[in-house]
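Asker:
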Amino acid sequence: MTTHLPTPILHVLLTLSLLTNLSLAPITPPWSPDPDDVVMVSQTVWGEARGCSRAEQEAVVWCILNRVDDGRFPNTISGVITAVGQFSGYSPKFPSEDFKELAGDVLTRWHNGEHGIPTDLVFFRSDGQGHNTFYSECFGGHTYTYKDMEKEKTP
Numbered sequence: 004m005t006t007h008l009p010t011p012i013l014h015v016l017l018t019l020s021l022l023t024n025l026s027l028a029p030i031t032p033p034w035s036p037d038p039d040d041v042v043m044v045s046q047t048v049w050g051e052a053r054g055c056s057r058a059e060q061e062a063v064v065w066c067i068l069n070r071v072d073d074g075r076f077p078n079t080i081s082g083v084i085t086a087v088g089q090f091s092g093y094s095p096k097f098p099s100e101d102f103k104e105l106a107g108d109v110l111t112r113w114h115n116g117e118h119g120i121p122t123d124l125v126f127f128r129s130d131g132q133g134h135n136t137f138y139s140e141c142f143g144g145h146t147y148t149y150k151d152m153e154k155e156k157t158p
């Protein structure tokens, strides 16, 4: 003799059988950069490279992040930016909205293991004509300029 269960009970039993076969691993939200870091980095870009190309603006952020990863410097973004005598273009009074997207994008790429410029480039100076040159040593060493950035874009 066959027993027929009411439809709602069948639905419950089917749902329970499906749930027992599912993995209930926790869902990890996607990583996002610290909002305070995004603001501080974007204010630094505003002060150091607002008239430069996007590649040069990103290179300023990479320079900050290279320092965070270099044992000779503080290991936090705020520590690097506010170190005495460094990043004189930074001010907490500067606007941050203009470069938040850029800052968040580079911080996310860094978190994912990317490096936009060589990791030894931890210093930069302006040439006074709207471009920055990046250095591995305070005065000299390995250099990287906007001209190098332009060459990398050319296929």
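Numbering-wise, our numbering puts 143 at position 140 of the sequence shown, and it's gapless, one number per residue. Cβ coordinates follow ideal geometry from the N, Cα and C atoms, glycine included.
1) Would you call the CB atoms of residue 121 and residue 46 closer than 8 Å?
2) Cα-Cα, which of 131, 124, 130 is closest to residue 61?
3) Under three-state DSSP, which class holds residue 135?
4) Indicate whether the contact test is met: 3 or more Cβ pairs, each with one atom in the segment 69 to 78 and one in the segment 51 to 58, closer than 8 Å.
5) Check whether the Cβ atoms of residue 126 and residue 63 lie closer than 8 Å to each other.
6) Where does the unbroken beta strand (DSSP E) through residue 128 begin, and where does it stop?
7) For residue 34, count neighbouring C-beta atoms within 10 Å of its own C-beta (all shown protein chains included) and say buried if the count is 16 or more, exposed if not.
8) Does DSSP put residue 111 in a helix, in a strand, or in coil?
9) Use the C-beta contact count for residue 28: other C-beta atoms within 10 angstroms, 16 or more gives buried, fewer gives exposed.
10) In terms of alpha-carbon separation, which member of 30, 37, 32, 31 lies closest to residue 113?
11) Is the beta carbon of residue 49 less than 8 Å from the beta carbon of residue 119?
12) So, with DSSP's three-state summary, where would you put residue 146?
Answerer: Reading off the structure:
1) Here the question's residue 121 lines up with position 118 in the sequence shown. Here the question's residue 46 lines up with position 43 in the sequence shown. A distance of 8 Å or more separates the beta carbons of residue 121 and residue 46.
2) For the purposes of this step, residue 61 is identified with residue 58 of the sequence shown, where counting begins at 1. Nearest to residue 61 by alpha-carbon distance, out of 131, 124, 130, is 124.
3) Within the sequence shown, the letter at position 132 stands for residue 135. It is a strand residue.
4) They do not touch, by the three-pair rule.
5) The sequence position of residue 126 within the sequence shown is 123, counting from 1. The sequence position of residue 63 within the sequence shown is 60, counting from 1. Not a contact, by the Cβ cut-off of 8 Å.
6) As a working mapping, residue 128 is identified with position 125 in the sequence shown. Annotation: the continuous beta strand (DSSP E) that includes residue 128 extends over 126 to 129.
7) The residue labelled residue 34 in the question sits at position 31 within the sequence shown. Label assigned to residue 34: exposed.
8) If you number the sequence shown from 1, residue 111 lands on position 108. Helix, per DSSP.
9) The count along the sequence shown starts at 1 and reaches residue 28 at position 25. Flag for residue 28 reads exposed.
10) By one-based count along the sequence shown, residue 113 stands at place 110. Per the C-alpha coordinates, the member of 30, 37, 32, 31 positioned closest to residue 113 is 37.
11) Residue mapping note: residue 49 aligns to position 46 of the sequence shown, counting from 1. Residue mapping note: residue 119 aligns to position 116 of the sequence shown, counting from 1. Judged by their CB atoms, residue 49 and residue 119 are not nearer to each other than the 8 Å cut-off.
12) By one-based count along the sequence shown, residue 146 stands at place 143. Under the three-state reduction of DSSP, residue 146 is assigned to strand.
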